[in-house]
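Taking this note's numbering, the leading residue of the sequence shown gets 31, the next gets one more, and so forth.
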Amino acid sequence: MYDVAKLYSAFEEYFGQPPTRIARAPGRVNLIGEHTDYNDGFVLPMALDRATYVAARPRPDRVVRVFSTKFREEDQFDLDQVVRDERRQWVNYIRGVVKGLQARDLPLQGADLMIDSDLPSGSGLSSSAALEVAVGYTFQLLNNINLLGEELALVAQGAEHTFVGVKCGIMDQLVAALGEAGHALLIDCRDLSYRPIPIPAQACVVVCDSGVRHRLAGSEYNQRRAGCEEAVRLLRPALGKIQALRDVRSTDLAMYGNLLPPDLLRLARHVVSENERTLTAADALAAGDLTKMGQLMVASHISLRDDYRVSIAELDTLVELALAAPGCFGSRMTGGGFGGSTVSLVAADAVDAFVTAMIDGYAIRTGRKLQPLICTAGSGVSCVYAHEE
Ligand code: GLA
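Structure follows, in structure tokens:
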């Protein structure tokens, strides 16, 4: 359990006065529907019970001071001059969100913020989306702004596009804002509508962090996205008014795939099949059909590995080990890829044996120490402490 009282005291000690609000936004793990969100497609993530926390207190001036417990470093900026920082990436998540709120004509006053998290960063659990959403929500609370969860998610995504430089989709921010305890969300990334799907009690979701992070992940990601957009342009003469790969079916690709160069055909094949798998998976999960759900997860991994080419050897090894371990229904890489984690669906009564087999297997195969996380689905952004002065 995260210690909110500790953050309260740390804030008071650092800034000299106690916080008036503490907000949290969760990380996420995506069960299926990878690299589909920026193609207007379907995703099935769940919010985690781990989160990024922001303690805050309004200031009478136009200054924002932010202390990060992770970087043990402070950022300070003026609300009338919010610009990207070329040197320190972490500050851009906060500045970008502030800029996005201002761009919506929402008046803000200065604030002191302290940021803390019990989410591992860099492991593909969207600690960055959690940070963006938590910061956006904190400014909402301090300035009495009402935004729908969808709007908050769009502000957070905008920060990532313009201040951080990754052209991410909406999945991570949306589930950080709107996640529901005990449920995954089937999100239609075209109109942002969603359907909560209960996670069956007899299943556990286990996340295994490969421990590998690739520095080029951001540029590889942007390249995949550009490739998908190019595929849509090339298919349009044959398929008419398509806006995104969401509008393309497997049968269309079978017919007109020859319009695409081989590398773009592979990208399109992944996205089109992944959308179809995600819809089927949501139904399977809703019906409690864990065997079917697991099979779809494995098919998703193979498609990400062979067609979309975003897996790495360590993720493939983790999936292989999971499929041989006790109680496993299915396993796949989760998130953008090029490092990060896998997600496995495991029978609740076998989860301890599964975890042991994974730790032992990964140590033997790679020499790395694995710390599997058994995750329960948490809720979206919320205020955990409020004090009116
Ligand atoms: C990252 C992005 C998401 C999504 C996934 C891949 O997590 O932030 O928007 O595109 O990769 O599914």
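The C-beta atom is built at its ideal place from N, Cα and C for all residues, glycine as well.
Keep in mind it's a predicted model, so treat the numbers as computed, not measured.
Asked: Buried or exposed (CB count within 10 angstroms, at least 16 for buried), residue 413; Found: exposed
Asked: Terminal residues of the alpha helix (DSSP H) in which residue 38 lies; Found: 34–45
Asked: Those residues, in chain order, that have a beta-carbon closer than 5 Å to some heavy atom of the ligand GLA; Found: 64, 65, 67, 198, 199, 201, 202, 365 and 366
Asked: CA nearest to the CA of residue 220, picked from 71, 310, 109 and 417; Found: 71
Asked: Given residue 238 as reference, the closest of 345, 86 and 38 once Cα atoms are compared; Found: 345
Asked: Residue 292 - containing beta strand (DSSP E), residue span; Found: Run containing residue 292: none in the beta strand (DSSP E); it sits in the alpha helix (DSSP H), 292–316.
Asked: Nearest-angstrom Cα separation, counted from residue 197 out to residue 190; Found: 7 Å
Asked: Residue closest to residue 47, alpha-carbon to alpha-carbon, out of 53, 38 and 55; Found: 38
Asked: Three-state class that DSSP yields for residue 178 in the structure shown; Found: coil
Asked: Cβ shell of residue 377 (< 6 Å), same chain only, five flanking positions each side left out; Found: 357
Asked: Short Cβ contact (7 Å threshold) for residue 341 with residue 303; Found: no
Asked: Those residues which DSSP pairs with residue 103 across a bridge; Found: 98
Asked: Cβ distance (whole Å) where residue 74 is taken to contact residue 311 below 8 Å; Found: 6 Å
Asked: Three-state class that DSSP yields for residue 149 in the structure shown; Found: coil
Asked: Residue 122, enclosing beta strand (DSSP E) - first and last residue; Found: Where residue 122 is concerned, there is no enclosing beta strand (DSSP E), although the alpha helix (DSSP H) it sits in stretches over 119–133.
Asked: Under 7 Å between C-beta atoms of residue 261 and residue 167; Found: no
Asked: 8 Å contact criterion, which residue 60 and residue 274 should meet: CB distance rounded; Found: About 19 Å; that fails the 8 Å criterion.
Asked: Contact check, residue 214 vs residue 76, beta carbons under 7 Å; Found: yes
Asked: Among 117, 188 and 160, nearest to residue 128 - alpha-carbon criterion; Found: 188
Asked: Cβ pair residue 410, residue 207 closer than 7 Å; Found: yes
Asked: Assigned secondary structure, residue 59 (DSSP; H/G/I helix, E/B strand, else coil); Found: strand
Asked: Residue range of the beta strand (DSSP E) that includes residue 80; Found: 75–88
Asked: Cβ neighbour criterion (16 or more within 10 Å) applied to residue 113; Found: exposed
Asked: Rounded separation between residue 169 and residue 122 - CA only; Found: 16 Å
Asked: Delimiting residues of the beta strand (DSSP E) encompassing residue 213; Found: 213–218
Asked: Boundaries (first-last residue) of the alpha helix (DSSP H) holding residue 267; Found: 247–269
Asked: When 105, 148 and 111 are compared against residue 117, the one with the closest alpha-carbon; Found: 105
Asked: Burial state of residue 363, where buried means 16 or more other Cβ atoms lie within 10 Å; Found: buried
Asked: Chain-order list of residues whose beta-carbon lies under 7 Å from that of residue 120 (same chain, five-residue window excluded); Found: 98 and 101
Asked: Contact test: residue 385 Cβ vs the ligand ADP heavy atom, cutoff 6 Å; Found: Within the structure as shown, the ligand ADP is missing, the only ligands being the ligand GLA.
Asked: Meets three-Cβ-pair contact criterion under 8 Å: the region 222–242 and the region 389–407; Found: yes
Asked: Separation of residue 360 from residue 81, as counted between CA atoms; Found: 26 Å
Asked: Identity of the residues DSSP links to residue 388 by a beta bridge; Found: Paired residue(s): none; residue 388 is not in a bridge.
Asked: Coil, strand or helix - residue 14 by DSSP; Found: For residue 14 there is no data in the structure shown, the boundaries of the chain being 31 and 419.
Asked: Residue 162, buried or exposed, once every other Cβ within 10 Å from all chains shown has been counted against 16; Found: buried
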